[in-house]
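Under the working numbering, read the sequence shown as residues 653 to 821, first letter to last.
The beta-carbon is built from N, C-alpha and C at its ideal position, and this holds for glycine as well.
Reading through the structure tokens given below for one structure.
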Amino acid sequence: MVWDVCSWLDMGPLIRLETTLTVDRYLSILPDHLHSFMTIVHSDGLGQFQQDNATPHASRVAIKWLQEHSSDFRHFHWPPKSPEMSIIEDIRDALLHAVENRSPPPRTPMDLWTALKDEWCESTPRYLQTLVESMPHRLAALLCVRGALHDIRQVYQFFWLFSVSYVER
């Protein structure tokens, strides 16, 4: 299992997790990896962090930590029971596909980890930007499918703010 982060500008760290992500493990990742990545890549404090509602992410202590660091970057509160709209899922799918197509394929856990890191580093900023730019179309498709059954106003507002902050750069 891995924890990962990316932005419009660059890929962040890919962290190997020996076990399932727990609240305690997540609390060590936030200051050690997320905070340092966000403050380097988004030194202006305009970076926006998005995560799903997995138990470690939505824990009170994790939310408190994110609130305490809100001057360093913004945290988008994903609405409960929302569909997965994170670009990180597309990146993970591409990563796994690239590793599966390696010849020879990874044979050991260490080979797999090396292959994952290598492929992660090959992702370009343009690939990331293309995924971010696809969000308005994804949201429009979601609205067509879910319509009034799903309140995504917060989600749309996030991506509008996200796109505006990068257009201004």
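Can you tell me whether residue i is helix, strand or coil according to DSSP?
i, result
"Pro-737", "Before going further, note that residue 737 is Met rather than Pro in the sequence given. Coil, per DSSP."
"Asp-662", "coil"
"Phe-701", "strand"
"Phe-725", "coil"
"Arg-759", "coil"
"Arg-668", "strand"
"Ser-688", "helix"
"Asp-745", "helix"
"Asp-696", "coil"
"Asn-753", "coil"
Give me the Cβ distance between residue i and residue j, rounded to the nearest whole Å; I'm assuming they're in contact under 8 Å.
i, j, result
"Leu-666", "Trp-772", "5 Å"
"Leu-669", "Val-654", "6 Å"
"Pro-758", "Ala-750", "So it is not a contact: roughly 11 Å between Cβ atoms."
Cα-Cα, which of the options is closest to residue i?
i, options, result
"Glu-741", "Lys-716, Lys-769 and Leu-780", "Leu-780"
"Leu-682", "Leu-783, His-729 and Glu-720", "Glu-720"
"Asn-705", "Leu-698, Ala-714 and Gly-697", "Ala-714"
"Met-663", "Ser-786, Asp-770, Phe-728 and Glu-785", "Asp-770"
"His-727", "Leu-794, Asp-656, Glu-785 and Met-690", "Met-690"
"Leu-686", "Leu-791, Thr-672, Ser-722 and Ala-793", "Ser-722"
"Ser-688", "Arg-712, Phe-725, Asp-676 and Trp-765", "Phe-725"
Within 10 angstroms of its Cβ, does residue i collect 16 or more other Cβ (buried), or is it exposed?
i, result
"Cys-658", "buried"
"Leu-748", "exposed"
"His-789", "exposed"
"His-729", "exposed"
"Arg-778", "exposed"
"Met-787", "buried"
"Pro-756", "exposed"
"Gly-699", "buried"
"Pro-708", "buried"
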